[in-house]
Structure formats: C-alpha cells, structure tokens
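See below for the structure under consideration.
2 protein chains.
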Amino acid sequence: MADGRSRAAQKGREMDDRKLRILLAVIDDYVHTAVPVGSRTISRKYETALSSATIRNEMSDLEEMGFLEQPHVSAGRIPTMKAYRLYVDSLLSGGTQVEEADSVREFFFDRVRQMQDVVESAASALSELTRYTAVVLMPKQLDLKVSCLQLVPMNTGSALLVVITDGGVIRNQVIRVSENLDSDALYAISKVLTSRLAGRTLQQVTEALAIYSRYSGADQEVCGAIADMASQMARQTGTDTIAVSGSHNILNYPEYSDVDKARAFLSVLETKDKLLSFLPEEREGFTVRIGPEMGLREMADCAAVCTSYRIGGGHTGTVGVIGPARMPYGRIIGILETVGEALTGLMGETAR
Amino acid sequence: MADGRSRAAQKGREMDDRKLRILLAVIDDYVHTAVPVGSRTISRKYETALSSATIRNEMSDLEEMGFLEQPHVSAGRIPTMKAYRLYVDSLLSGGTQVEEADSVREFFFDRVRQMQDVVESAASALSELTRYTAVVLMPKQLDLKVSCLQLVPMNTGSALLVVITDGGVIRNQVIRVSENLDSDALYAISKVLTSRLAGRTLQQVTEALAIYSRYSGADQEVCGAIADMASQMARQTGTDTIAVSGSHNILNYPEYSDVDKARAFLSVLETKDKLLSFLPEEREGFTVRIGPEMGLREMADCAAVCTSYRIGGGHTGTVGVIGPARMPYGRIIGILETVGEALTGLMGETAR
DNA sequence: GTTAGCACTCTTTGATGGTGAGTGCTAACT
DNA sequence: AGTTAGCACTCACCATCAAAGAGTGCTAAC
Chain A
7 MADGRSRAAQ KGREMDDRKL RILLAVIDDY VHTAVPVGSR TISRKYETAL SSATIRNEMS
67 DLEEMGFLEQ PHVSAGRIPT MKAYRLYVDS LLSGGTQVEE ADSVREFFFD RVRQMQDVVE
127 SAASALSELT RYTAVVLMPK QLDLKVSCLQ LVPMNTGSAL LVVITDGGVI RNQVIRVSEN
187 LDSDALYAIS KVLTSRLAGR TLQQVTEALA IYSRYSGADQ EVCGAIADMA SQMARQTGTD
247 TIAVSGSHNI LNYPEYSDVD KARAFLSVLE TKDKLLSFLP EEREGFTVRI GPEMGLREMA
307 DCAAVCTSYR IGGGHTGTVG VIGPARMPYG RIIGILETVG EALTGLMGET AR
Chain B
7 MADGRSRAAQ KGREMDDRKL RILLAVIDDY VHTAVPVGSR TISRKYETAL SSATIRNEMS
67 DLEEMGFLEQ PHVSAGRIPT MKAYRLYVDS LLSGGTQVEE ADSVREFFFD RVRQMQDVVE
127 SAASALSELT RYTAVVLMPK QLDLKVSCLQ LVPMNTGSAL LVVITDGGVI RNQVIRVSEN
187 LDSDALYAIS KVLTSRLAGR TLQQVTEALA IYSRYSGADQ EVCGAIADMA SQMARQTGTD
247 TIAVSGSHNI LNYPEYSDVD KARAFLSVLE TKDKLLSFLP EEREGFTVRI GPEMGLREMA
307 DCAAVCTSYR IGGGHTGTVG VIGPARMPYG RIIGILETVG EALTGLMGET AR
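The listed protein sequences derive, respectively, from chains A and B. Numbering-wise, the numbering used here comes out as the position in the first sequence, counting from 1, plus 6. Numbering-wise, the numbering used here comes out as the position in the second sequence, counting from 1, plus 6.
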C-alpha cells in the first residue's frame, strides 16, 4: 500500500504534455460543437498520430483526475469546470491575441459620447461582437467633486441646471425658476454658485445649500432644486449603474434550449443584486468565474469573464461577458481587452 | 338552391347574443389557460344554463363563421385572429376600465426625468406592469427649432455644449475649445450664438454655421463642433428613437416554449426596421394589430396594442405592448391608457 | 507504450397500443 | 323549433418496447 504512492503507480495521474494537449482538444471541440466528444473524434481531428484506444486511455486518466466527465457511461466526455479553469489559467498566463481591435473601435465611433451613452454602447458592441451577454458597470463615485454649475435658460419660468463634476460626469435637470430671471441673471447666479460650490463633493453641496438658502430669499427655489439634484446625483453615483446587452444571445446556445433554464438565466440578469454578486470588485487584469465560482445556483453552469477600465480620478469600472461555461475564452478575452482599452480611452476623453 | 339563402338556412350563420357570449367565454378562457377549450368547460364554467351539446352546436357554427378553429379534429376550440379582432373592437367601442393608474404613476416618480430617461423608464414600467414586451417610440422631430445654445466650462480646453430646442429636447456634448477662453468668454460666445441661431431649425443652424465660421477666425473650432452636433441632432431626431423593454417576458408564455420561435420573436425586436413596420403612424386612440395584420411572418401569431402620447410642439410619440395574440386586451388597454397619459404629462413637464 | 478487437452499456429513434378528451351526429324530449 | 342525452369516432398523448449506433473498458497482441 505504501508503494501505491510510488512513481509508477502515480504515473497515470500526473498531467503530462500529451494529456494536456488531449484535454485542450476536448475543450476546443466541445466549445464549438456542444456535443460530448469521443476518443475517435480526437484521434481523427486533433492527435492524428495516436489511435482512439490510446486517447481512450488518456481520457480515462483525465476523467480520474477530474478534468473530464461523462454525461452517461457510453457517451463521449465533456470538460468539467476544473478543466475550464485550467484552460483559462493557461490562457491568462500567456499573452492574448488581439485581432478584432479594428471592428471594436468601429463600433464606438458613430455614437454620442456621454458617460451613460458610452457605457451602453460599449455593452451593445461587446454583446454583438461576442454573441454573448455583455455587462458594463459604471464605477461608483462616492467622492465626486463639483467643478461647475450652470443654469441655461429654457422657457420663461424654467431653466436647465447643468452640473459638471471632476470625473467628467454630467447631469442636467429642468428646474423652475422665478419668471423675472433672464439669461444674464441666470448666468450671474451660476457664477456665484460655481465659485462657492466648486471643489466640494456632492454631499457637501447638499449640506451647503441647506444653509445658503436661508440667507438668500429670492433664490431659495433654485437652491432647493440644486440641493435636490445634488443629493440625487450623490445617490445615483454611489449606486452601481449597470448596462446589460444581448441577454437573449443565450438562446443561441443549445445548453439553453430548455426555456426554463433560459428564463432562470435571464431573470438573474434582471436582478441587480444577483448580477452584482458575481461581478468582481475592481482589480487589475482579467477575472474569470466558472460554474460554482459564480456563487449562484442559477448560474452553476455559466461563466463570467471580466476586466476593468479606468476613468478619470482613479475610478475604475467593470466590463464583462457572461455565457455558458463552454465559451471560447481565448476569443472573449481578446475582445474584452480591446473593449476595456477603448472604454478607458473614451472615458478619459469625456472626462478630461 | 335559391332558398339556400333563405332566412332559415342562414340562421345558424348569424351572430346572435348567445353566440357572442359563448365566443367571449372561449376567448377569455383561452387567454388565461392557453389550452384549447371544449364545450364542456364552457358549459360548466360560463354558460351553466346550457348543456355541453348545445354549446357544441353553437361552437360548430362559430367555427363555420370563422371565429373559432380546432388545432386538430378532437381537441377543443381556440379563437382565430378574427375572433380577437371582434373582441378588441367591442372593447374599444366601450370605455376602458382604469384601475392600475396608481401603480403606473408610482413607477415613474422615482426616476430621472429627461427625454431619453423618461422614454426608457416608461418602457420598463410598462413591461413590468403588463408582463409583456413594451415599446416606446420617441417622436420624430424634423422641425425642431433651437431655442438656446450655451457653452459650460469644463477643464481648460474643453467645454460642454448644451443645446435646447423648443420641443424641450436637450442634448449636450463635450467639445474642445481654445484654451484661453474662460467662463465669461464662453458665456459671451453663447449669447452671440443664441441670438443669431435661436428660432432656426437644426438644419438651418448647420447651414448658417458653415457660413458664419468663415468670418470668425478664432472661434472656427467652436462653430465646427456646433455644426457637427446640430447635424447629428437633426439626424437623430429625424430617426426614430426606440426603447424596448421586457422582451424576454415572451418566455413566460407557453406559445413560445419553442426556443426557435422565441428567438425569431426576439430578433424582430432587435431589427429596428421590422419593429417600426408594425408600429402605427401617429394617430389618436388605440391601434390593435392582430396576427396577419402585423405584416411579418415572424409575428403571425402575435399582436400589438399601441397608443400615442403628446409632447410639446404638436409632436406625438407611440407607446405599445407586443405579445402573443392571446392577450388580456382589456387589461392591456387600460394600462396603456394610463401610461400614455403619464407620458404626455411628463413630457409636457420636461418640455415646458 | 501502443493498438486492434470485442463485449457491453446506454441514449436515441421509431413503432405500437392503450387512454382520454372532445367532437359530430342522431334521436328523443320540452 | 330549440335543447339535450347518448354513442361512435378521432386523434393527441403517453408509456412501453425493440433495434440501431456511438462510445467505452478491458484484454491480448504488437
């Protein structure tokens, strides 16, 4: 029994180069066909030098090692979550191929560029490119500082309040103002407001205005509206803003030909909390969650590939792709890298 | 043969009150259960005074008249598109019940209100309330007139250009400006621009700026950007802006338990042209397209219920619900009425 | 260490027969 | 005449069963 642990007996249980090649071949084939892959397939399509029997032996070992499994005893093998994990890890350690950079950029240029818009078109571009579900998360920005406030006249009695923050986040809202304020008067108010409030966080603006409005009788109305908006912005930028696109792409994949499964998947995407639960905290590089790592029963056979992008002020957002565990990770990571870079670029531009 | 057309022979083919009641009962039952309904069901649940045999005779007549059909010879009956049409027409001629007004309004109030946002939250509210797919169309506005242009300083070298039109449509974009323009200088430019351009349509603004920029050397950059934006806005507001929400609700209904059907449905929603093809031109009241009236093979067993809402300037947008032909039209129409009114209210507010 | 051969397993597919819901028709009833 | 009971008939649905095919594990030979 003691030599059950000897080198010879262990031999079959160690990962060697050939085993790895076979495993990758199985993964590759399964990713494309979604059909359990048999030894003969590998023998003919990938390792033509080896016979199916040899492959069979190796696959048997790989199964014992936990990288493959059989849906039933006489079907081919399919990769386990552990196999995908290995596969992804090997991808991430090497460099990733970037080929689709051009088409990615094309997707962006035609569109209006403002924070929200950018986030949405990024999601839509990403889902179209990958044919999976794309998620883009706007960074939380609890410490946004106001850099400019301006009132733009609309009709008499109403004006558009524009707030610009250092992160480049722009928000505007229509407010009611006293009817005898013309364009110049509004501008004068804007200047005063900006000089007093610039550099403060949204939270501080809310507080400051509560005090300020006591002293200025006439503009009380305006101050109230601004305070409202500031606190609303603070709330909004403190919460996560999410853009999801291409959620129905999931229907293209046979693992979701069961409508109930598809519905479960889609309903997770609708539930902000659940969605956030498996999107990683901001961090460098790529994060890949596979199967149980997602932490949700409904997502037990899914995977999520995420990366982060930067906007001004040290804030980072998250962008990712969600699909069945059987995904072409290499391609996804390549696309995601480009999209992440494009986002960093565009957000920078908007923010500057 | 001539008296084959006599009153007696025709008798069974005329719609009388009892036939109508039975037809409505079949529709009602089928709408809720999605199962072909048999004579016995009607006899027990609806027309308890009549025996199943009598119902059977009437249903047979109704089938001959084209209001009912049998999926196969010994199944119950299901309503035809013609039946839904009759049903909807009778609903529309009477008043509609509005019960859910409160919950509709609640849905709106928490949200940011700006044109685009309003349209989107309307779609989302509508789909959540009805559990069907909701579509909201922003009105085309080819004749929008600029009422105000203003440059708001951001960092040095860039400014936010805000354009306000008479329809209340607000658009803003970051543009680069000469670095030695401070807040006051930008305001001065804004005043000049507004005074020269106010009242013109976006198209005219584009043209005017092409000329104007020849004379003013320094601000050429700014003018170019404005011209760009104006033409972009003109293009955008000339095109239809569509918000679709709850498209996956379709999966809740058994007629779409076939994934291929669901996919076909969803892909229509993604194709702007197809989507627009069955949304009615602006018109008063409710429009209901049923089955073949949709004009798309993929939508042959669907229905769309639409109504319109008004924004300032005589423009009207469209809001609608899409689902299987088997829909609780009464409820849908009620909800749609409230949403339409709410939209008219909110858009008015934004626009004023 | 690799491969050919073979028995075995288990899904898939198609055919078969029974069951039940629902109909149409006829004859009797009001 | 309109309504109802009764009955034969049809057809989807379901379970059962057998044949086919794909793929494996094991053994023996190379």
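The beta-carbon is built from N, C-alpha and C at its ideal position, and this holds for glycine as well. From a predicted model like this one, the values you see are computed outputs, not experimental measurements.
Reference residue i; option with closest CA among the options
{"i": "VAL294 (chain B)", "options": "B:PRO145, B:ALA309 and B:ASP266", "result": "B:ALA309"}
{"i": "ARG91 (chain A)", "options": "A:ARG50, A:LYS267, A:VAL311 and A:ALA216", "result": "A:VAL311"}
{"i": "SER153 (chain B)", "options": "B:THR277, B:GLY205 and B:MET160", "result": "B:GLY205"}
{"i": "LEU285 (chain B)", "options": "B:LYS267, B:ARG137 and B:THR247", "result": "B:THR247"}
{"i": "THR171 (chain A)", "options": "A:SER164, A:THR200, A:GLU290 and A:GLY346", "result": "A:THR200"}
{"i": "VAL94 (chain A)", "options": "A:SER58, A:GLY291, A:LEU349 and A:TYR315", "result": "A:GLY291"}
{"i": "GLU53 (chain A)", "options": "A:ILE195, A:MET235 and A:ARG27", "result": "A:ARG27"}
{"i": "ILE84 (chain B)", "options": "B:ILE33, B:ALA233, B:GLY230 and B:HIS38", "result": "B:ILE33"}
{"i": "HIS38 (chain A)", "options": "A:SER189, A:ASP190, A:TYR335 and A:GLU69", "result": "A:TYR335"}
{"i": "ILE371 (chain A)", "options": "A:GLY351, A:GLY297, A:VAL325 and A:ALA331", "result": "The requested residue 371 (chain A) is not part of the displayed model; chain A covers only 7 to 358."}
{"i": "ASP22 (chain A)", "options": "A:LEU68, A:THR344 and A:SER49", "result": "A:LEU68"}
{"i": "GLN238 (chain A)", "options": "A:LEU150, A:ARG332 and A:ARG50", "result": "A:LEU150"}
{"i": "LEU29 (chain B)", "options": "B:VAL211, B:THR207, B:SER80 and B:LYS88", "result": "B:LYS88"}
{"i": "GLY323 (chain B)", "options": "B:CYS229, B:MET144, B:THR344 and B:GLU276", "result": "B:MET144"}
{"i": "GLU213 (chain A)", "options": "A:THR136, A:SER80, A:VAL169 and A:ALA233", "result": "A:ALA233"}
Cβ distance (whole Å) where residue i is taken to contact residue j below 8 angstroms
{"i": "ALA140 (chain A)", "j": "GLY252 (chain A)", "result": "6 angstroms"}
{"i": "PRO42 (chain B)", "j": "GLY82 (chain B)", "result": "4 angstroms"}
{"i": "ARG62 (chain B)", "j": "SER45 (chain B)", "result": "4 angstroms"}
{"i": "LEU302 (chain A)", "j": "VAL274 (chain A)", "result": "6 angstroms"}
{"i": "LEU167 (chain A)", "j": "GLN179 (chain A)", "result": "5 angstroms"}
{"i": "THR86 (chain A)", "j": "LEU74 (chain A)", "result": "6 angstroms"}
{"i": "GLY329 (chain A)", "j": "TYR138 (chain A)", "result": "4 angstroms"}
{"i": "ALA249 (chain B)", "j": "VAL125 (chain B)", "result": "5 angstroms"}
{"i": "LEU257 (chain B)", "j": "ALA268 (chain B)", "result": "6 angstroms"}
{"i": "ILE48 (chain A)", "j": "ALA59 (chain A)", "result": "ILE48 (chain A) to ALA59 (chain A), Cβ: 12 angstroms. No contact."}
{"i": "ARG332 (chain A)", "j": "GLU261 (chain A)", "result": "7 angstroms"}
{"i": "ALA270 (chain B)", "j": "GLU304 (chain B)", "result": "5 angstroms"}
Helix, strand or coil at residue i [DSSP, three-state]
{"i": "GLY230 (chain B)", "result": "helix"}
{"i": "ILE3 (chain B)", "result": "This structure does not reach residue 3 (chain B), given that chain B is present from 7 up to 358, and the question cannot be answered."}
{"i": "ILE48 (chain B)", "result": "helix"}
{"i": "PHE113 (chain A)", "result": "Confidence is the limiting factor: at PHE113 (chain A) the pLDDT is only 49, short of 50, which leaves the residue's position unreliable and the question unanswerable from this model."}
{"i": "TYR259 (chain B)", "result": "coil"}
{"i": "VAL104 (chain A)", "result": "Note on VAL104 (chain A): pLDDT 49, under 50, position unreliable in the model; the coordinate value appears next. DSSP places VAL104 (chain A) in coil when its eight states are reduced to three."}
{"i": "ILE181 (chain A)", "result": "strand"}
{"i": "SER314 (chain B)", "result": "strand"}
{"i": "THR54 (chain A)", "result": "coil"}
{"i": "GLY329 (chain A)", "result": "strand"}
{"i": "GLY346 (chain A)", "result": "helix"}
{"i": "THR162 (chain A)", "result": "coil"}
{"i": "VAL1 (chain A)", "result": "The structure shown does not extend to residue 1 (chain A), since chain A is modelled only from 7 through 358, so no value can be given for it."}
{"i": "GLY323 (chain B)", "result": "strand"}
{"i": "ALA59 (chain B)", "result": "helix"}
{"i": "ALA236 (chain B)", "result": "helix"}
{"i": "VAL118 (chain B)", "result": "Legend: pLDDT at VAL118 (chain B) = 39, less than 50; position of this residue unreliable, value from coordinates given subsequently. Correct three-state label for VAL118 (chain B): coil."}
{"i": "VAL79 (chain A)", "result": "coil"}
{"i": "GLU20 (chain B)", "result": "coil"}
{"i": "GLU290 (chain A)", "result": "coil"}
Cross-strand partners of residue i (DSSP beta bridge)
{"i": "PRO85 (chain A)", "result": "A:LEU74"}
{"i": "ILE248 (chain A)", "result": "A:LEU143"}
{"i": "GLN156 (chain A)", "result": "A:VAL168"}
{"i": "THR212 (chain A)", "result": "Answer is none; THR212 (chain A) lacks a bridge partner."}
{"i": "ALA309 (chain B)", "result": "B:ILE296 and B:GLY329"}
{"i": "THR207 (chain B)", "result": "B:LYS151"}
{"i": "ILE176 (chain A)", "result": "A:ILE170"}
Span of the alpha helix (DSSP H) around residue i
{"i": "SER196 (chain B)", "result": "189-203"}
{"i": "VAL265 (chain A)", "result": "265-276"}
{"i": "ILE28 (chain A)", "result": "23-39"}
Extent of the continuous beta strand (DSSP E) run through residue i
{"i": "THR293 (chain A)", "result": "293-296"}
{"i": "LEU143 (chain B)", "result": "139-144"}
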